[in-house]
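Right, one structure below, let's go through it.
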Amino acid sequence: MKALFTRPRSLTSNVMIYCPGCGHGLVHRLVAEVIDELGLRERTIGVAPVGCAVLAYNYWNFDVTEAAHGRPPAVATGIKRVLPDRLVFTYQGDGDLAAIGTAEIIHAAARGEKISVIFVNNAVYGMTRGQMAPTTPLGLKTTTTPSGRDPDLHGYPIRVCELLTSLEGVCYLERVAVDSVPGILKARQAIRKTFTYQLENRGFSLVELLCSCPTNWKMTPSQAMKWIGQEMVKWFPPGVYKDVDSTNQG
Amino acid sequence: MKSLLLNGCEAAAEAAIAAGCRFYAGYPITPQNRFPEYMSFRLPQSGGVFLQAESELAAINMVFGAAAAGARALTSSSSPGISLKQEGISYLAGCELPAVIINMNRAGPGLGDVTPSQSDYFQSTRGGGHGDYRTIVLAPWSVQEIYDFTYLAFDLADRYRNPVLILSDGMVAQLLEPVHPRNGMKKLPQKKWALTGCRGRKPNSIKSLFLTPGVLETHNWKLARKYERMEKREVRWESYLCEKMELLIVSFGICARIAREAMEQARREGLRVGLFRPITLWPFPYRQLKSCLEKVSKVLVVELNLGQMLDDVKIASGGHSRIFFYGRPGGGVPTPEEILKEIKKK
Ligand SMILES: Cc1ncc(C[n+]2csc(CCOP(=O)(O)OP(=O)(O)O)c2C)c(N)n1
Ligand code: SF4
Numbered sequence: 001m002k003a004l005f006t007r008p009r010s011l012t013s014n015v016m017i018y019c020p021g022c023g024h025g026l027v028h029r030l031v032a033e034v035i036d037e038l039g040l041r042e043r044t045i046g047v048a049p050v051g052c053a054v055l056a057y058n059y060w061n062f063d064v065t066e067a068a069h070g071r072p073p074a075v076a077t078g079i080k081r082v083l084p085d086r087l088v089f090t091y092q093g094d095g096d097l098a099a100i101g102t103a104e105i106i107h108a109a110a111r112g113e114k115i116s117v118i119f120v121n122n123a124v125y126g127m128t129r130g131q132m133a134p135t136t137p138l139g140l141k142t143t144t145t146p147s148g149r150d151p152d153l154h155g156y157p158i159r160v161c162e163l164l165t166s167l168e169g170v171c172y173l174e175r176v177a178v179d180s181v182p183g184i185l186k187a188r189q190a191i192r193k194t195f196t197y198q199l200e201n202r203g204f205s206l207v208e209l210l211c212s213c214p215t216n217w218k219m220t221p222s223q224a225m226k227w228i229g230q231e232m233v234k235w236f237p238p239g240v241y242k243d244v245d246s247t248n249q250g
Numbered sequence: 251m252k253s254l255l256l257n258g259c260e261a262a263a264e265a266a267i268a269a270g271c272r273f274y275a276g277y278p279i280t281p282q283n284r285f286p287e288y289m290s291f292r293l294p295q296s297g298g299v300f301l302q303a304e305s306e307l308a309a310i311n312m313v314f315g316a317a318a319a320g321a322r323a324l325t326s327s328s329s330p331g332i333s334l335k336q337e338g339i340s341y342l343a344g345c346e347l348p349a350v351i352i353n354m355n356r357a358g359p360g361l362g363d364v365t366p367s368q369s370d371y372f373q374s375t376r377g378g379g380h381g382d383y384r385t386i387v388l389a390p391w392s393v394q395e396i397y398d399f400t401y402l403a404f405d406l407a408d409r410y411r412n413p414v415l416i417l418s419d420g421m422v423a424q425l426l427e428p429v430h431p432r433n434g435m436k437k438l439p440q441k442k443w444a445l446t447g448c449r450g451r452k453p454n455s456i457k458s459l460f461l462t463p464g465v466l467e468t469h470n471w472k473l474a475r476k477y478e479r480m481e482k483r484e485v486r487w488e489s490y491l492c493e494k495m496e497l498l499i500v501s502f503g504i505c506a507r508i509a510r511e512a513m514e515q516a517r518r519e520g521l522r523v524g525l526f527r528p529i530t531l532w533p534f535p536y537r538q539l540k541s542c543l544e545k546v547s548k549v550l551v552v553e554l555n556l557g558q559m560l561d562d563v564k565i566a567s568g569g570h571s572r573i574f575f576y577g578r579p580g581g582g583v584p585t586p587e588e589i590l591k592e593i594k595k596k
C-alpha cells in the first residue's frame, strides 16, 4: 500500500494542545514539512517563544530551545553565530515579536543575522486570554480593549513587514494569509524560501503569517478563517515586501 | 609565561579567552567600556565571536543562545546593565545553562554614579532575577584575581550547568597591575545536552517551563541538590592573622584590600586586628567565619554600601553582640587611615 499522507519526520507524535482551528498547529506542520523536504532535520535548531507556541519543542522532532518572552531573535543570534552552518529559526507570536521583543527583532534584522523568523500574527495575545496586541486592528474588542481598540487611547497597529523593509540586513519579507488551501500552500512556499535564503547566507528573513485564534476572537474556526481573509488583510495586506532576488517587490 | 600589564577588564577578557570562551556579547557602560572594546579585537583573533548588542537584555539572551549551542559564553556590564540581565540569568539558571557574567559594580540606585561600589551584593547573592535559584559569586580584589576567578568561573559554570557571577567593581576594572596568565588551551568538556542539530541522536530541548503538576517541583528539588553541592564544595575565603586578636575586620573585594592595609597599620601600632575575606559571596563561608568570630570580642564589617554582607556576617555569628559596620554607600572609597580610625573607635 502506498502512503499518501503521513506525519513529517520533523513532527513528533505528541498531540498538540492548541484550540480547535488554531493557526499554530498548521504552521508547525508546514515548518516540519519544509525541513523534511530540505533534508535539514538533523541540522536545525528552533527557538520557541513565550506564547501559545511555548511548547513547540514537544511537537518538533529536532533541537529546540525556549527563550524568554520577546528574546528569540537574540537567542537565535547567539546560536547562529556559534554554529553558522546550522538552520536556525525563531517562531514568534505578535506580542512576543512586536511588543516586548521589538528591539530584538529590529536589531537582529538590522545586523542581517542569518536567521529565519516565522512570525505568527493572530492579532491578539493568545496565551494570556486575548488581550490587545500591537497588531490588534482598530475597533477590535479584546479583553483589554472592551469597547474596541481606539487609536486615541491605544494607538495604531504595527505592521512588521512594512517596518522592516528599510533595513539593509533584510533579504526577504513576505506576509501570507493562512486562511485557505491556497494560503496554506503559499505559506509553505514562503517558509521554504526563508530557510533556503538562510542556507545561502543572504541575510535576515521573516515570514509573517496571518493566523486564526478562534478562541480569543470568539468565533468558530470557519468564521475565524473568513475573518482573516475579510478583515485582517485590510490591516495587513499580504504580499512580498522585500526579496533580494526580485525586482518586483510588492 | 611572561606576566602582562593589564587592567581588570583586559585581564578578565584574557582569562576568558584562555579558558576557551568563544562568545561575548555586551553593551557599553562605564566603568567597564574597555571590556567590549578589548573583546572586539581579541576575541576574533582567537576564533571567537564578539557582538555589541542593542541592550543588556539582548546581550544576556545572546549569551543564552551561545551557551545553548554549547559554547563557553561571557557577558560583562556594570550595575544598571546587570539589572537588565537578571531576566536572562534567571532563565539560564532555570534552563541549567552555563555562562559567566561579570559585574563591575558602580554606585546606585538608579543611574547613581560611575565610581566603585559593592551595592550589588544583595542582587548578586540573593538571586537578582525571579525564582528560587542560586549562582556562585566570586569577588576578586586584584587584577590577578579577576583573571584567576574568570578562568575558574568557566569551569564552575560547566561543572554545575549554572551561571556564575563575578562581582567586581569599578576600581578593579580600571586598576593596572601585572598578571601571570595561564598557559595554553584547555580541553573543554563535552556537552551532550547542547543544541547542535540532532544528527545521530534524539532531539535535545532546553526549557524552564514545566506545566505538568509536580514536574517543576521535581526540577527545583534537583536544582536545590545542585546548590547544596556548590555549598559543600565551592566555598572560598581567606583569613589574615586571625589568631589571638581582639577585633576582626570582615570585608570583601577591593574594600578588603584597603582594609588589609588598615589592619597592617593597626598591628604596627600594637592593635590586635585580623581580617576575614569571603571570596565566594555565595556560597558564603558561614562556618569558616563563625569559627573566627568565636575567638574575637569585636567585629568590624567594612563595605562599599549600606551594609549588605553585614546580614551574612550576622547570620554566621549566630548573635554576636558586638558587630559594628563601616560603609561608604555613594561611590566613595575609604582610605586605610579612615578604616584605622574606625578600628580605634571600637
Ligand atoms: C516577561 C513576561 N511578560 C509577560 C508574560 C506573559 N505572557 C505570556 S504569553 C504572552 C503574550 C503572547 O502573545 P503572542 O506573542 O501574541 O502569542 P500567542 O499566544 O498569541 O501565540 C504574555 C504577555 C511573560 N511570560 N513574560
Ligand atoms: S488561544 Fe488562540 S493562539 Fe492560543 S492555542 Fe487557542 S486559538 Fe491558538
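So the protein sequences, as listed, match chains A and B.
Numbered continuously in this note's numbering, the first sequence closes out at residue 250.
Numbered continuously in this note's numbering, the second sequence closes out at residue 596.
Backbone N, C-alpha and C fix where the C-beta goes; we use that ideal spot for every residue, glycine too.
N-terminal and C-terminal residue of the alpha helix (DSSP H) that residue i is part of
{"i": "D36 (chain A)", "result": "23 to 37"}
{"i": "K226 (chain A)", "result": "221 to 227"}
{"i": "K467 (chain B)", "result": "One detail in the question is off: residue 467 (chain B) reads as Glu in this sequence, not Lys. It spans 465 to 483 - the alpha helix (DSSP H) in which E467 (chain B) sits, taken as one unbroken run."}
{"i": "V291 (chain A)", "result": "Lying before the first or after the last residue shown, residue 291 (chain A) is absent from chain A, which here runs from 1 to 250."}
{"i": "Y371 (chain B)", "result": "371 to 375"}
{"i": "Q189 (chain A)", "result": "181 to 199"}
{"i": "W217 (chain A)", "result": "214 to 217"}
{"i": "L307 (chain B)", "result": "306 to 318"}
Where the beta strand (DSSP E) containing residue i begins and where it ends
{"i": "A323 (chain B)", "result": "322 to 327"}
{"i": "T530 (chain B)", "result": "530 to 532"}
{"i": "G303 (chain A)", "result": "Limits of chain A in this structure are 1 at one end and 250 at the other, which puts residue 303 (chain A) out of reach."}
{"i": "C271 (chain B)", "result": "271 to 276"}
{"i": "M354 (chain B)", "result": "349 to 355"}
{"i": "A177 (chain A)", "result": "170 to 177"}
{"i": "K548 (chain B)", "result": "548 to 553"}
{"i": "L590 (chain B)", "result": "Segment 586 to 595 is the alpha helix (DSSP H) holding L590 (chain B); no beta strand (DSSP E) there."}
{"i": "F490 (chain B)", "result": "Reading the sequence as shown, one finds Tyr at residue 490 (chain B) and not Phe. 487 to 490 is the extent of the beta strand (DSSP E) around Y490 (chain B)."}
heavy atom of ligand 2 below 6 Å from residue i C-beta
{"i": "G95 (chain A)", "result": "no"}
{"i": "T135 (chain A)", "result": "no"}
{"i": "T143 (chain A)", "result": "no"}
{"i": "N216 (chain A)", "result": "yes"}
{"i": "G420 (chain B)", "result": "no"}
{"i": "H24 (chain A)", "result": "yes"}
{"i": "Y18 (chain A)", "result": "yes"}
{"i": "C542 (chain B)", "result": "no"}
{"i": "C213 (chain A)", "result": "yes"}
Proximity test, residue i beta-carbon vs ligand 1 heavy atom, cut-off 6 Å
{"i": "P91 (chain A)", "result": "One point to set straight first is that residue 91 (chain A) is Tyr, not Pro, in the sequence displayed. No."}
{"i": "T128 (chain A)", "result": "yes"}
{"i": "G51 (chain A)", "result": "yes"}
{"i": "Y154 (chain A)", "result": "First, the residue type needs correcting, since residue 154 (chain A) is His and not Tyr in the sequence shown. H154 (chain A): no, Cβ never under 6 Å from ligand 1."}
{"i": "Y341 (chain B)", "result": "no"}
{"i": "N58 (chain A)", "result": "no"}
{"i": "N122 (chain A)", "result": "yes"}
{"i": "Y125 (chain A)", "result": "yes"}
{"i": "H380 (chain B)", "result": "no"}
{"i": "H69 (chain A)", "result": "yes"}
Whole-angstrom C-beta distance between residue j and residue i, which should lie under 8 Å
{"i": "A177 (chain A)", "j": "V233 (chain A)", "result": "5 Å"}
{"i": "F526 (chain B)", "j": "C492 (chain B)", "result": "6 Å"}
{"i": "G315 (chain B)", "j": "V75 (chain A)", "result": "4 Å"}
{"i": "G503 (chain B)", "j": "A389 (chain B)", "result": "4 Å"}
{"i": "E174 (chain A)", "j": "V240 (chain A)", "result": "5 Å"}
{"i": "T530 (chain B)", "j": "E488 (chain B)", "result": "The Cβ separation is near 11 Å, so there is no contact."}
Cβ-heavy atom distance, residue i to ligand 4, below 6 Å
{"i": "V240 (chain A)", "result": "Annotation note on ligand 4: not contained in the displayed structure, which lists ligand 1 and ligand 2 as its ligands."}
Original post:
Given a limit of 9 Å on CB to CB distance, which residues of the region 299 to 311 of chain B reach chain A?
Top reply: Correct list: V299, L301, A303, E304, S305, L307, A308, A309, I310, N311.
Original post:
Which residues, in chain order, does the region 69 to 85 of chain A contribute to contact with chain B at a C-beta distance below 7 Å?
Top reply: Here the close residues are R71, A74, V75, A76, T77, G78, I79, R81, V82, L83.
**OP:** With a floor of 3 residues, list each beta strand (DSSP E) that falls wholly inside the region 102 to 157 of chain A, ordered by position along the chain.
**Re:** Fully enclosed beta strand (DSSP E) runs of 3 or longer: 116 to 121.
Original post:
Residue ranges of each beta strand (DSSP E) run of no fewer than 3 residues wholly in the region 37 to 88 of chain A, ordered along the chain?
Top reply: If one requires a minimum length of 3 residues, the beta strand (DSSP E) runs lying completely within the region 37 to 88 of chain A are 44 to 47, 63 to 65, in chain order.
**OP:** Determine which residues of the region 261 to 279 of chain B have a Cβ less than 8 Å from any Cβ of chain A, and write them out in chain order.
**Re:** Against chain A - using a Cβ distance shorter than 8 Å - the residues of the region 261 to 279 of chain B are R272, F273, A275.
**OP:** Could you name the residues of the region 120 to 138 of chain A whose beta carbon sits closer than 8 Å to any beta carbon of chain B, in the order they occur along the chain?
**Re:** Cβ contacts with chain B: none found.
Subject >> the region 434 to 468 of chain B: positions lying closer than 7 Å to chain A by Cβ >> reply: For the region 434 to 468 of chain B, the beta-carbon criterion of a distance under 7 Å to any beta-carbon of chain A is satisfied by L445, T446, G447, C448, R449, P453, N454, S455, I456, K457, S458, L459.
Subject >> Under 9 Å (Cβ pairs) to chain B, residues found in the region 33 to 45 of chain A >> reply: Those would be L40, R41, E42, R43, T44, I45, in chain order.
**OP:** Note down, one range per segment and in chain order, each beta strand (DSSP E) of at least 3 residues found wholly within the region 383 to 414 of chain B.
**Re:** Runs found: 386 to 388.
Subject >> Contacting positions in the region 94 to 113 of chain A - beta carbon closer than 9 Å to chain B >> reply: Within the region 94 to 113 of chain A, the qualifying residues are A103, E104, I106, H107, A108, A110, R111.
Subject >> Interface residues of the region 318 to 342 of chain B facing chain A [CB-CB below 9 Å] >> reply: Along the region 318 to 342 of chain B, the positions whose C-beta sits under 9 Å from a C-beta of chain A are A318, A319, G320, A321, A323, E337, G338, S340, Y341, read in chain order.
**OP:** Taking a Cβ distance cut-off of 7 Å, strictly less, list which residues of the region 182 to 214 of chain A are near chain B, in chain order.
**Re:** Here the close residues number zero.
Original post:
Relative to chain A, which residues along the region 342 to 375 of chain B have a C-beta separation below 7 Å, given in chain order?
Top reply: Taking 7 Å as the cut-off between beta carbons, the residues of the region 342 to 375 of chain B near chain A are C345, in sequence order.
Original post:
Which residues, taken in chain order from the region 401 to 413 of chain B, show a beta carbon closer than 9 Å to some beta carbon of chain A?
Top reply: Cβ contacts with chain A: none found.
Original post:
What residues from the region 47 to 65 of chain A come within 7 Å of chain B, judged by C-beta to C-beta, listed N to C?
Top reply: Within the region 47 to 65 of chain A, the residues whose Cβ lies closer than 7 Å to some Cβ of chain B are V54, Y57, N61, F62, D63, V64, T65, listed in chain order.
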